[in-house]
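A.B. asks: Chains as they are written, first to last, in my numbering: chain A, 2 to 129; chain B, 7 to 373. Glycine is no exception: its CB is placed at the ideal position from the N, C-alpha and C atoms. Nothing here was measured: the structure is a model prediction, and the numbers come from that model.
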Amino acid sequence: MYPKEYRYTRDHEWVKVEDDICVVGVTDFAQQELGEVVYVEVPEPGQVFNAHDEIGTIESVKAVAEIFTPVAGEIVEANERLKDDPELINDDPHGDGWLVKVKFSSASDLDDLMDADAYEEYVAKGKE
Amino acid sequence: MTTTTPLRRTPLYDLHVAAGAKIVDFAGWQMPVQYAGLIEEHRAVRTAAGLFDVCHMGEVRVAGPGAEAFLQRLTPNDVAKLAIGRAHYSALLTPEGTFIDDLLVYRLGAAEFMLVVNAANAAGDLAWILAQPHPDCEVTDLSDETALLAIQGPRALAIVASLAASDPGALKAYGFAHGEVAGVPALISRTGYTGEDGFELYVAPAAAPGLWERLMAAGKEHGLVPAGLGARDTLRLEAGMALYGHEIDRTITPFEAGLDWVVKLDKGEFLGRETLQRQKAEGISRRLVGFEVSGRGIARQGHLFRHDGAEVGAVTSGTFSPTLERALGMGYLPVGLAAPGTEIVIDVRGRELPARVVPLPFYRRAR
Numbered sequence: 002m003y004p005k006e007y008r009y010t011r012d013h014e015w016v017k018v019e020d021d022i023c024v025v026g027v028t029d030f031a032q033q034e035l036g037e038v039v040y041v042e043v044p045e046p047g048q049v050f051n052a053h054d055e056i057g058t059i060e061s062v063k064a065v066a067e068i069f070t071p072v073a074g075e076i077v078e079a080n081e082r083l084k085d086d087p088e089l090i091n092d093d094p095h096g097d098g099w100l101v102k103v104k105f106s107s108a109s110d111l112d113d114l115m116d117a118d119a120y121e122e123y124v125a126k127g128k129e
Numbered sequence: 007m008t009t010t011t012p013l014r015r016t017p018l019y020d021l022h023v024a025a026g027a028k029i030v031d032f033a034g035w036q037m038p039v040q041y042a043g044l045i046e047e048h049r050a051v052r053t054a055a056g057l058f059d060v061c062h063m064g065e066v067r068v069a070g071p072g073a074e075a076f077l078q079r080l081t082p083n084d085v086a087k088l089a090i091g092r093a094h095y096s097a098l099l100t101p102e103g104t105f106i107d108d109l110l111v112y113r114l115g116a117a118e119f120m121l122v123v124n125a126a127n128a129a130g131d132l133a134w135i136l137a138q139p140h141p142d143c144e145v146t147d148l149s150d151e152t153a154l155l156a157i158q159g160p161r162a163l164a165i166v167a168s169l170a171a172s173d174p175g176a177l178k179a180y181g182f183a184h185g186e187v188a189g190v191p192a193l194i195s196r197t198g199y200t201g202e203d204g205f206e207l208y209v210a211p212a213a214a215p216g217l218w219e220r221l222m223a224a225g226k227e228h229g230l231v232p233a234g235l236g237a238r239d240t241l242r243l244e245a246g247m248a249l250y251g252h253e254i255d256r257t258i259t260p261f262e263a264g265l266d267w268v269v270k271l272d273k274g275e276f277l278g279r280e281t282l283q284r285q286k287a288e289g290i291s292r293r294l295v296g297f298e299v300s301g302r303g304i305a306r307q308g309h310l311f312r313h314d315g316a317e318v319g320a321v322t323s324g325t326f327s328p329t330l331e332r333a334l335g336m337g338y339l340p341v342g343l344a345a346p347g348t349e350i351v352i353d354v355r356g357r358e359l360p361a362r363v364v365p366l367p368f369y370r371r372a373r
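1) Counting only Cβ pairs nearer than 8 angstroms, list the residues of chain B close to residue 60 of chain A.
2) Enumerated in chain order, which unbroken segments of the beta strand (DSSP E) with a length of 3 residues or greater are wholly contained in the segment 121-190 of chain B?
3) List the DSSP bridge partners of residue 107 of chain B.
4) Figure out for me which residue from B:360, B:32 and B:88 has the closest Cα to the Cα of residue 351 of chain B.
5) Just to make sure I have the definition right: I need the residues of chain A whose C-beta is within less than 9 angstroms of the C-beta of residue 44 of chain B. Which are they?
6) How should residue 63 of chain A be labelled, buried or exposed, when 16 other C-beta atoms within 10 angstroms of its C-beta is the threshold for buried?
7) How would you call residue 18 of chain B, buried or exposed, if buried means at least 16 neighbouring beta carbons within 10 angstroms?
8) Once DSSP output is grouped into helix, strand and coil, what is the label at residue 123 of chain A?
9) To the nearest angstrom, how far is the alpha carbon of residue 371 of chain B from that of residue 75 of chain A?
10) For residue 12 of chain B, count neighbouring C-beta atoms within 10 Å of its own C-beta (all shown protein chains included) and say buried if the count is 16 or more, exposed if not.
11) Using the beta-carbon of each residue, which ones in chain B are nearer than 7 angstroms to residue 3 of chain A?
12) What are the residues in the segment 6-35 of chain A lying within 9 angstroms of chain B by C-beta distance?
13) Can you list, in chain order, the residues of the segment 33-62 of chain B whose Cβ is nearer than 9 angstroms to any Cβ on chain A?
14) Could you check the C-alpha separation between residue 58 of chain B and residue 294 of chain B for me, to the nearest Å?
15) Return the chain-ordered list of same chain residues with a C-beta closer than 7 angstroms to the C-beta of residue 5 of chain B, the five sequence neighbours on each side being excluded.
16) State the Cα-Cα distance for the pair residue 242 of chain B and residue 105 of chain B, rounded to the nearest angstrom.
17) Could you tell me the distance, in whole angstroms, from the CA atom of residue 78 of chain B to the CA atom of residue 112 of chain B?
18) Contact check, residue 292 of chain B vs residue 250 of chain B under 8 angstroms by CB: the rounded distance?
19) Measuring straight from C-alpha to C-alpha, what distance separates residue 68 of chain B and residue 14 of chain A?
20) Note down the Cα distance separating residue 7 of chain B from residue 271 of chain B, rounded to an integer number of angstroms.
21) Starting from residue 115 of chain A, follow its DSSP beta bridges and name the residues at the other end.
22) Out of B:286, B:317, B:240 and B:300, which has the shortest C-alpha to C-alpha gap to residue 349 of chain B?
23) Taking only beta carbons into account, state which residues of the segment 234-248 of chain B come closer than 7 angstroms to chain A, listed in chain order.
24) For the structure I just gave you, are there three or more beta carbon pairs, one from the segment 258-271 of chain B and one from the segment 110-127 of chain B, closer than 8 angstroms?
25) For chain B, check one thing: does any of its Cβ atoms lie closer than 9 angstroms to the Cβ of residue 45 of chain A?
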């Protein structure tokens with residue numbers, strides 16, 4: 002269910018590290034909780050954020066969720082396809098539904114993140 | 007949850023869980039908010055049919071020689087004009103003319119009525135009703151002995167007809183009759199809260215799960231799907247229907263909410279009449295409007311309207327419309343800004359979202 006090579010946050014986001022770039026998305030659990038996504042607001046490339054800053058929003062019919070960046074750094078790319086196909090987040094949350102790529106400034110930001118097993122347990126506990 | 011009040015379940019709860027519904031807490035009840043997906047359920051109701059569990063609604067029987075006179079005083083619509091076998095939309099108003107709740111009044115007999123009220127207000131409504139002098143009539147809470155299924159959409163008639171002992175098509179909108187559906191004794195009412203044709207079936211709780219399953223089976227070939235509270239909300243919003251706690255509450259009068267037709271000022275005394283007569287003469291200062299968002303984003307309840315930099319009102323309901331595929335909503339604006347076409351901005355979490363006032367309802371079914 003949750004890719005082993007990703008890292009996960011308590012806000013139900015995933016992070017895939019590619020050299021000095023983090024690809025960030027929301028987890029399958031998060032998209033299920035939100036329901037059908039209809040708008041996604043992601044930052045413009047070039048913007049710089051601190052770790053845990055709010056960088057955008059995901060809106061479903063019923064709810065809105067904030068997107069936080071798990072790492073400090075500069076946005077190098079935002080997923081342009083989400084403008085016209087926000088439902089990619091529902092259809093493929095761990096793949097085509099990615100949100101942003103962040104060039105991270107401090108690798109230690111990654112230390113707090115959970116691995117797939119820990120995240121799965123975290124989700125299971127929340128459901129109890 | 008900080009409250010220790012146990013959440014209640016409808017007789018259909020187990021069926022919802024088995025169908026994979028997502029369950030949420032609503033007005034003290036564990037209710038299905040969606041099954042396969044809100045948008046899909048919404049579109050099924052607009053194009054085929056949807057089945058809703060609305061057992062959480064409250065039912066109150068008012069009966070006795072004084073029943074009509076009591077309801078004339080209690081509610082603003084004209085109960086004297088309500089024929090046996092007909093229902094009408096009405097309200098419980100404070101002496102100030104503001105909403106305690108909105109409701110349906112069913113005339114079961116010359117001296118027998120049923121009121122159907124919102125789940126969230128049911129206990130408070132009953133206490134309010136009982137606290138009013140009600141000579142020569144009895145007020146009984148029927149909520150625990152009444153289950154309610156709503157089947158809504160253009161195929162609802164065909165589905166109910168296939169299971170009913172008598173022709174439900176003979177009922178006019180807001181008409182009802184006692185009959186049988188799938189062998190289950192039911193009060194069959196041609197009413198709903200979606201902007202579509204459809205029926206609401208009042209039955210005994212023990213019979214509800216069986217009836218639900220029979221309707222689902224008979225409806226399969228018609229495209230019937232179970233639909234949750236999520237779709238119920240987007241459907242009623244497109245149809246421009248008020249929801250208590252959003253468009254109407256104890257601060258809002260029917261005139262402000264655009265529900266003038268519910269208020270029959272010349273029918274005689276009723277609670278709130280004096281204030282409403284004054285408001286009618288003096289005019290209202292704010293009114294409910296529909297709006298469409300021009301930018302990207304969704305305005306939701308509590309977001310503020312601004313005009314020329316000033317805060318001028320607030321959104322009462324807002325969503326993404328699955329039928330119109332755009333963000334829209336309702337809210338209160340000063341009458342000077344309430345005309346369709348007026349440009350406003352909505353403060354959505356610190357961002358200014360442009361929007362435009364449009365006529366209500368957003369959606370009207372083809373007849």
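C.D. replies: Considering the structure as presented:
1) Close to residue 60 of chain A, with beta-carbon spacing below 8 angstroms, are these residues of chain B in chain order: 303, 304 and 326.
2) The segment 121-190 of chain B contains these whole beta strand (DSSP E) runs: 144-147, 153-158 and 182-187.
3) Bridge partners of residue 107 of chain B: B:98.
4) Closest option to residue 351 of chain B, Cα to Cα, is B:360.
5) From the beta-carbon of residue 44 of chain B, the residues of chain A found nearer than 9 angstroms are 36, 37, 61, 62 and 63.
6) The residue in question, residue 63 of chain A, is buried, as its Cβ has 16 or more Cβ neighbours within 10 Å.
7) Residue environment analysis places residue 18 of chain B among the buried positions, since at least 16 neighbouring C-beta atoms fall within 10 angstroms of its C-beta.
8) In this structure, residue 123 of chain A counts as helix in the three-state DSSP scheme.
9) Cα to Cα, residue 371 of chain B sits roughly 49 angstroms from residue 75 of chain A.
10) Result: exposed.
11) Near residue 3 of chain A there are no residues of chain B at all, since even the closest Cβ is about 20 angstroms away, more than 7 angstroms.
12) For the segment 6-35 of chain A, the set of positions with a beta-carbon nearer than 9 angstroms to some beta-carbon of chain B reads 33 and 34 in chain order.
13) Within the segment 33-62 of chain B, contact with chain A at the beta-carbon level (separation under 9 angstroms) is assigned to 39, 40, 43, 44, 45, 46 and 48.
14) Each residue's alpha carbon lies about 27 angstroms from the other.
15) The requested residue 5 of chain B does not occur in the structure, where chain B is confined to residues 7 to 373.
16) Roughly 19 angstroms between the two C-alpha positions.
17) Going by C-alpha positions, residue 78 of chain B is about 13 angstroms away from residue 112 of chain B.
18) Your pair residue 292 of chain B and residue 250 of chain B does not check out as a contact, with CB atoms roughly 18 angstroms apart and the cut at 8 angstroms.
19) C-alpha separation (whole angstroms): 54 angstroms.
20) Residue placement at residue 7 of chain B is flagged as unreliable, the pLDDT there being 46, under the threshold of 50; the coordinate-derived value follows with that caveat. Roughly 43 angstroms between the two C-alpha positions.
21) BP columns for residue 115 of chain A point to A:9.
22) Selected option, being the one with the closest Cα: B:300.
23) For the segment 234-248 of chain B, the set of positions with a beta-carbon nearer than 7 angstroms to some beta-carbon of chain A reads 236 and 240 in chain order.
24) Flag = no, the segment 258-271 of chain B and the segment 110-127 of chain B do not touch.
25) No, because no Cβ of chain B sits closer than 9 angstroms to the Cβ of residue 45 of chain A.
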